[in-house]
């Protein structure tokens, strides 16, 4: 008896060829002979080719080489914000999630090998913006020299933008024209590019290894602040059913963009349902066990209310026991009580959490931490709550 020693299918980054295939969800890239994730970049919902090209060409129209050089040298962050903010949000609204948008002036030369350099500006949905330079080298089938502009979208945050990447250009271009290319960063985040060039030559296919470096960062600038979640309070696990404006795709920040743009929108849930009415908290329902999901409500909206009940526990009424003494003070004020004593705790004959006695104009407040109340202590005594 013996054992059969086998080779596992190739994974992303492994070498490959006809007798050394890649595994599931990765493909063997022709001529390069390397496994890459099986991602049709232009087939992604957020990178529909026509939308992608239109967005970037409008960005080119706002920039151009002279503009880019001016921005890089002057660090005019106001201009950067004006040019990029809406463009980044366009891609976020398409459901891209984290994205980094970039555009720059590019020059390339191809004989047998191919080399190119681009310098430009970038912005990401995580708020980073600045200037970059990219150097690429490789080979392909073609000859010529071109200069123009290039722009792209990386399906990832600014953390994935600098560093190594690999790019494939398989558009047939003669002389000046428009070309597209796709590629992957070192951590296999997909990106797609559109180039507009003038010059001469012929390109059939090229493959290049690139290195991107950040020249300048502008850390104090916010990009795409209309998708900022700081305008919302998150109520984990919860939902306010009905009263929907509509359902959207794309993730939490995309929902925030939609809601911020609609004055009738008061909030949304993690499933993408935007709300024009938020029910009283007593009418909310719990729908998930994931604390990162729930109901997002615009700050200042009176949707999350405190409710007084005079029987049973908060949970029996579909509510939640207050577990913080400072919140107890805020809640008392919210329901119209004026505190003249307390809140104090440690009483075994008083319900756990936040409770009140006497009139709203002169309220005695109690706050017991969980586990203090003993249901069998001082039963039927007037202090029993």
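Residue numbers (the working numbering): 958 to 1342. Glycine included, every Cβ here is placed at the ideal spot set by N, Cα and C. Just so you know, these numbers come straight off a predicted model, no measurement behind them.
| Item | Value |
| --- | --- |
| For the pair the segment 1214 to 1221 and the segment 1235 to 1247, tell me if three or more CB-CB distances fall below 8 Å. | no |
| By the 10 Å Cβ neighbour count, where 16 or more other Cβ atoms means buried, how is residue 1230 classified, buried or exposed? | buried |
| In chain order, which continuous runs of the beta strand (DSSP E) of length 3 or greater are located wholly inside the segment 1274 to 1340? | 1296 to 1301, 1310 to 1314, 1320 to 1325 |
| The alpha helix (DSSP H) that contains residue 1059, what's its start and end? | Run containing residue 1059: none in the alpha helix (DSSP H); it sits in the beta strand (DSSP E), 1057 to 1067. |
| Based on the DSSP secondary-structure assignment, which residues constitute the bridge partners of residue 1196? | 1242 |
| Under 9 Å, do residue 1150 and residue 1108 count as touching if we go by C-beta distance? | yes |
| For the structure I just gave you, are there three or more beta carbon pairs, one from the segment 1288 to 1295 and one from the segment 1324 to 1335, closer than 8 Å? | no |
| Between the alpha carbons of residue 1061 and residue 1106, how many angstroms are there, rounded? | 6 Å |
| Along the chain, where does the beta strand (DSSP E) that runs through residue 992 open and close? | 991 to 994 |
| If you reduce the DSSP assignment to three classes, tell me which class residue 1174 lands in. | strand |
| Taking only the alpha-carbon atoms, compute the straight-line gap between residue 1140 and residue 1085 and give it to the nearest angstrom. | 22 Å |
| Exposed or buried, residue 1077, counting other C-beta atoms within 10 Å across all chains shown (16 or more means buried)? | buried |
| So, using beta-carbon positions, are residue 1124 and residue 1057 closer together than 9 Å? | no |
| So, at 8 Å on beta carbons, what are the nonlocal neighbours of residue 1251 in its own chain, with the 5 sequence-adjacent residues on each side left out? | 1191, 1192, 1193, 1194, 1195, 1196, 1226, 1227, 1245 |
| Can you tell me whether residue 1179 is helix, strand or coil according to DSSP? | Unreliable placement is indicated for residue 1179, whose pLDDT of 46 sits below 50; the coordinate value is still reported in the next sentence. It is coil, neither helix nor strand. |
| Mind checking who residue 1138 pairs with in its DSSP beta bridge? | 1150 |
| Could you tell me if residue 967 is buried or exposed, where buried requires 16 or more neighbouring beta carbons within 10 angstroms of its beta carbon? | buried |
| Please name the residue, chosen from 1307, 1313, 1102, 1097, that lies closest to residue 1338 on a Cα-to-Cα basis. | 1307 |
| May I ask you to report which of helix, strand or coil DSSP gives residue 1167? | strand |
| Can you give me the Cβ contacts of residue 1296 inside the same chain, cut-off strictly under 6 Å, excluding the 5 residues immediately before and after it? | 1289, 1320, 1322 |
| Taking a contact to mean a Cβ-Cβ separation below 9 Å, would you say residue 1126 touches residue 1163 in this structure? | yes |
| For the alpha helix (DSSP H) that residue 1264 lies in, which residues bound it at each end? | Residue 1264 -> no alpha helix (DSSP H), and no H or E assigned at all. |
| Mind checking whether residue 1329 and residue 1304 have CB atoms under 9 Å apart? | yes |
| In three-state terms, what does DSSP make of residue 1102? | strand |
| Terminal residues of the continuous alpha helix (DSSP H) containing residue 1255? | Per DSSP, residue 1255 belongs to no alpha helix (DSSP H); it is in the beta strand (DSSP E), 1251 to 1255. |
| Candidates 1173, 1224, 1232: which alpha carbon is nearest residue 1202's? | 1232 |
| Using the C-alpha atoms, what's the distance from residue 990 back to residue 1094? | 17 Å |
| If you draw a straight line from the C-alpha of residue 950 to the C-alpha of residue 1166, how long is it? | Outside the modelled stretch of the chain, which goes from 958 to 1342, sits residue 950, for which no answer is possible. |
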